[in-house]
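Asker:
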Amino acid sequence: MRAAAVAAAVTVLLAGCGAGGAAGGDGGDGGAKGDGAGAREHPGGPAGGASADTHLDGIPGVGGALRSRIPAGSRQVVAVYGAGVNSPDATVVLYEKGAAGWDRKGSWPAHNGRRGWTPDHHEDDQRSPIGVFRLTDAGGVLPDPGARLPYTHSAAFTPPAYWSKNTRHDFDYVVAIDYNRVVGTSPLDPTRPQGQSKGGGVWLHLDHGTGTSACVSVAESAMVTLLRALDPARHPVVVMGDRAHLAG
35 MRAAAVAAAV TVLLAGCGAG GAAGGDGGDG GAKGDGAGAR EHPGGPAGGA SADTHLDGIP
95 GVGGALRSRI PAGSRQVVAV YGAGVNSPDA TVVLYEKGAA GWDRKGSWPA HNGRRGWTPD
155 HHEDDQRSPI GVFRLTDAGG VLPDPGARLP YTHSAAFTPP AYWSKNTRHD FDYVVAIDYN
215 RVVGTSPLDP TRPQGQSKGG GVWLHLDHGT GTSACVSVAE SAMVTLLRAL DPARHPVVVM
275 GDRAHLAG
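Residue 35 is where the sequence shown starts when you use the numbering used here, and the numbers rise one by one after that.
1) What beta strand (DSSP E) runs, 3 residues minimum, are completely inside the stretch 92 to 162?
2) Using a Cβ-Cβ cut-off of 6 Å (strictly less than) and excluding sequence neighbours within five positions of ALA181, which residues of its own chain qualify?
3) Leaving out five residues on either side along the sequence, give the residues of the same chain with a beta carbon under 6 Å from the beta carbon of ALA81.
4) Please report the residue range of the alpha helix (DSSP H) in which ARG168 lies.
5) Could you tell me if the beta carbon of VAL273 falls within a distance shorter than 6 Å of some heavy atom in the ligand SAH?
6) Per the DSSP calculation, TRP237 is bridged to which residue(s)?
7) Comparing alpha-carbon positions, which option in THR152, LEU169, ALA144, ALA210 lies nearest SER251?
8) I need the DSSP call for THR201, collapsed to helix, strand or coil.
9) Based on the DSSP output, what are the partners of MET257 in its beta bridges?
10) Is it buried or exposed for ALA137, if we count other Cβ within 10 angstroms and need 16 for buried?
11) Please report how far the alpha carbon of ARG215 lies from the alpha carbon of ALA190, in whole angstroms.
12) Could you compute how far the alpha carbon of ASN200 sits from the alpha carbon of HIS242?
13) Mind checking which residues open and close the beta strand (DSSP E) that includes HIS187?
14) Can you give the Cα-Cα distance for ARG13 and GLY218, rounded to whole angstroms?
15) In whole angstroms, what is the alpha-carbon distance linking ALA281 and ARG103?
16) CA-CA distance, TYR207 and VAL273?
17) Taking the alpha carbon of PRO105 as the reference point, which residue from PHE167, ALA124, ASP154, ARG161 has its own alpha carbon closest?
18) Along the alpha helix (DSSP H) that carries HIS279, what are the first and last residues, could you check?
19) Is the CB-CB distance between VAL127 and ASP276 below 7 Å?
20) Is SER287 helix, strand or coil by DSSP?
21) Between GLY140 and GLY92, is the Cβ-Cβ spacing less than 7 Å?
22) Please classify PRO177: is it buried, with 16 or more other beta-carbons within 10 angstroms of its beta-carbon, or exposed?
What follows is the structure, encoded as structure tokens:
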């Protein structure tokens with residue numbers, strides 16, 4: 035019975051991830067929590083511990099509203115620059131803070147929600163949530179490629195058989211974006227502290243060439259680079275949204 039219950043929970047999570055998956059699929063609506071026990075993510079990102087703007091001078095295109103949501107201790111920022119509020123196209127850039135300031139470590143083409151972006155994400159809206167979110171947990175169908183984040187290797191990440199063929203490898207590697215999920219658990223954990231209607235299971239994962247249900251997707255080589263680079267000791271976060279919202 036326990037195994038059956040776990041399997042059922044995983045099925046529900048992945049089904050939420052791929053809302054609209056039969057037509058194109060993706061990861062993009064699973065679940066969990068924000069900032070510590072019982073805390074909730076705000077639309078702009080984690081509350082508290084915000085950094086001064088001068089801490090982020092080396093990260094272009096991010097204005098004061100979202101800068102104020104980035105914890106002062108963060109030394110790694112994954113910036114997702116959406117092409118437009120209604121566009122599924124984006125660019126992902128990894129920045130790291132060193133002794134001389136912020137360095138750009140890599141840049142990759144990406145996709146976000148097929149309908150673009152929103153500051154008030156809800157399940158099945160097919161838009162990615164705008165904000166600042168921690169990156170704390172990873173996993174995938176494939177074995178750990180050398181991730182520094184805790185990594186859950188499980189066949190349970192495999193997309194449902196009814197999804198389109200081009201999504202079969204979407205979850206070979208994933209990094210959970212800490213939107214409406216329990217931090218410190220597997221990305222497969224379906225818990226949604228803010229409720230089912232707020233969506234969840236928003237991940238970084240492999241790209242299948244088109245927009246997603248809410249996730250951000252990049253090529254496999256980019257995912258491997260990110261998994262090997264993201265370091266819990268550097269308190270990595272993702273800052274994500276269309277360029278106009280990011281600059282606000």
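Note that the Cβ used here is the ideal one computed from N, Cα and C, for glycine as well. Computed from a predicted structure; not experimentally measured.
Answerer: Straight from the coordinates:
1) 110 to 116, 123 to 132, 135 to 145
2) Stepping through the sequence shown from its first residue, residue 181 is reached at position 147. Answer for ALA181: ALA172, LEU261, listed in chain order.
3) On the sequence shown, position 47 is the one that residue 81 refers to. Low confidence applies to ALA81: its pLDDT is 41, below 50, so where it sits in the model is not reliable, and the reading given next is rough at best. Closer than 6 Å at the Cβ level, and outside the excluded window around ALA81, lies no residue.
4) Stepping through the sequence shown from its first residue, residue 168 is reached at position 134. Per DSSP, ARG168 belongs to no alpha helix (DSSP H); it is in the beta strand (DSSP E), 165 to 174.
5) With respect to the ligand SAH, the structure offers nothing, as it holds no ligand at all.
6) Translated into positions along the sequence shown, residue 237 becomes position 203. Answer is ALA210, bridged to TRP237.
7) Mapped onto the sequence shown, residue 251 falls at position 217. Among THR152, LEU169, ALA144, ALA210, the Cα nearest to that of SER251 is on ALA144.
8) As a first step, residue 201 must be located in the sequence shown, where it is residue number 167. It is helical.
9) Here the question's residue 257 lines up with position 223 in the sequence shown. Per DSSP, none; premise fails for MET257.
10) Here residue 137 is taken as the residue at index 103 of the sequence shown, counted from 1. The displayed chain sequence assigns Asp, not Ala, to residue 137. ASP137 should be labelled exposed.
11) What you label residue 215 is simply residue 181 of the sequence shown in a count that begins at 1. What you label residue 190 is simply residue 156 of the sequence shown in a count that begins at 1. So the two alpha carbons sit approximately 18 Å from each other.
12) Translated into the one-based positions of the sequence shown, residue 200 becomes position 166. Translated into the one-based positions of the sequence shown, residue 242 becomes position 208. The straight-line gap from Cα to Cα measures roughly 6 Å.
13) Position 153 of the sequence shown, counted from the start, is the residue given in the question as residue 187. Looking at the DSSP string, the run of the beta strand (DSSP E) that includes HIS187 is 185 to 187.
14) The chain is shown only over 35 to 282; residue 13 falls outside these bounds and no answer can be derived.
15) Stepping through the sequence shown from its first residue, residue 281 is reached at position 247. Stepping through the sequence shown from its first residue, residue 103 is reached at position 69. Going from the Cα of ALA281 to the Cα of ARG103 covers about 13 Å.
16) Along the sequence shown, read from residue 1 onward, the residue named residue 207 stands at position 173. Along the sequence shown, read from residue 1 onward, the residue named residue 273 stands at position 239. TYR207 and VAL273: Cα-Cα distance of roughly 20 Å.
17) Sequence index remark: in the sequence shown, residue 105 carries index 71 (1-based). Nearest C-alpha to PRO105: PHE167.
18) The count along the sequence shown starts at 1 and reaches residue 279 at position 245. Run containing HIS279: 277 to 280, per the alpha helix (DSSP H) assignment.
19) Reading the sequence shown from its first residue, position 93 is the one you call residue 127. Reading the sequence shown from its first residue, position 242 is the one you call residue 276. Taking 7 Å as the Cβ cut-off, VAL127 and ASP276 do not qualify as a contacting pair.
20) Nothing in the structure corresponds to residue 287, since the chain is present only between 35 and 282.
21) For the purposes of this step, residue 140 is taken as residue 106 along the sequence shown, with counting starting at 1. For the purposes of this step, residue 92 is taken as residue 58 along the sequence shown, with counting starting at 1. Cβ atoms of GLY140 and GLY92: not closer than 7 Å.
22) Taking the first residue of the sequence shown as 1, we reach residue 177 at position 143. Under this definition PRO177 is an exposed residue.
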